[in-house]
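Undergrad: Chains as they are written, first to last, in our numbering: chain C, 3 to 116; chain G, 108 to 217.
Ideal Cβ positions, reconstructed from N, Cα and C, are used throughout, including at glycine.
All of these numbers come straight from a predicted model, not from anything done at the bench.
Quick one: structure below, then a few questions.
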């Protein structure tokens with residue numbers, strides 16, 4: 003069964019460093035998303051992406067964040083200068099655009115900023 | 108701004124008992140989703156509810172949607188230990204994002 007994959011599973015970085023989180027959405031899906039979940043808290047929307055541009059972004063998704071689909075398969079989230087409060091689990095999701103609009107989530111990348 | 112509220116936030120129940128988790132949301136939406144999350148894991152889709160009066164069942168879990176009341180319920184029948192997890196409801200605002208509730212931590216005790 004097709005699934006969303008994410009790498010790395012765990013990333014440790016120093017405050018101020020840049021990180022790139024990678025996702026491979028389900029191959030025929032058209033809509034892509036990033037969410038984050040701070041430990042013990044709810045899942046928060048960051049950004050949605052369709053047709054090579056951002057559809058919507060949240061207040062969390064400030065100038066330090068960017069997304070890119072550099073080729074036909076990968077979808078990346080870049081944090082330019084990480085802060086301690088960026089430590090969280092980051093989930094990528096994709097959606098095939100059916101009437102269900104069901105989003106399928108990847109396994110997540112745990113980001114730890116020291 | 109769309110708000111999604113779940114209750115209870117924590118539920119400890121005995122095996123074999125029944126209980127219901129409630130999910131209220133603040134603005135009109137026709138799509139509501141229930142996800143399960145095990146500790147340290149991703150979100151597993153349980154139910155997709157698309158219309159008023161929708162009811163779906165899978166094993167010991169049954170979900171329903173009342174769009175007029177802006178309420179969804181997740182009913183657990185005869186709980187077993189394997190159901191212990193965190194359950195999230197999420198509402199599709201405009202096809203661009205899901206807004207999640209805070210989650211209900213379910214612990215089933217034998």
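Identify the contact partners of residue 123(G) in chain C, using a Cβ-Cβ distance below 7 Å as the criterion.
TA: Simply none; closest approach about 29 Å.
Undergrad: Specify, as a first and last residue, the run of the beta strand (DSSP E) that residue 199(G) falls within.
TA: Looking at the DSSP string, the run of the beta strand (DSSP E) that includes residue 199(G) is 192-199.
Undergrad: How long is the line joining the alpha carbons of residue 162(G) and residue 182(G), rounded to whole angstroms?
TA: Spanning the two alpha carbons is a distance of roughly 11 Å.
Undergrad: Output needed in chain order: residues of the stretch 38-66 of chain C with a Cβ under 7 Å from some Cβ in chain G.
TA: Listed in sequence order: 44, 45, 47, 50, 57, 58.
Undergrad: Name the one or two DSSP bridge partners that residue 169(G) has.
TA: Looking at the DSSP assignment, residue 169(G) forms a beta bridge with 164(G), 182(G).
Undergrad: Taking all protein chains shown into account, do 16 or more other C-beta atoms lie within 10 angstroms of the C-beta of residue 113(G), making it buried, or fewer, making it exposed?
TA: Residue 113(G) is buried by the Cβ-count criterion.
Undergrad: Determine, using beta carbons only, whether residue 117(G) and residue 212(G) come nearer to each other than 7 Å.
TA: Cβ atoms of residue 117(G) and residue 212(G): closer than 7 Å.
Undergrad: What does a CB cutoff of less than 6 Å around residue 110(G) pick up in its chain, not counting 5 residues either side in sequence?
TA: Around residue 110(G): 133.
Undergrad: Look up residue 12(C) in the DSSP assignment and give the residues it is bridged to.
TA: Note: residue 12(C) sits in a beta bridge opposite 112(C).
Undergrad: Counting beta carbon pairs with one atom in the stretch 24-33 of chain C and one in the stretch 45-56 of chain C, are three or more of them shorter than 8 Å?
TA: Result yes; three or more Cβ-Cβ pairs closer than 8 Å.
Undergrad: Quickly, what does DSSP pair residue 112(G) with across the bridge? List them, please.
TA: DSSP output for residue 112(G) lists 131(G) as bridge partner(s).
Undergrad: Residues of chain G with CB under 8 Å from residue 109(C), in chain order?
TA: Result: 148, 149.
Undergrad: From residue 201(G) to residue 10(C), what distance separates their C-alpha atoms?
TA: Straight-line Cα distance between these residues: approximately 30 Å.
Undergrad: In chain order, what residues of the same chain lie with their CB nearer than 7 Å to the CB of residue 66(C), ignoring the 5 residues before and after it?
TA: 81, 82, 83.
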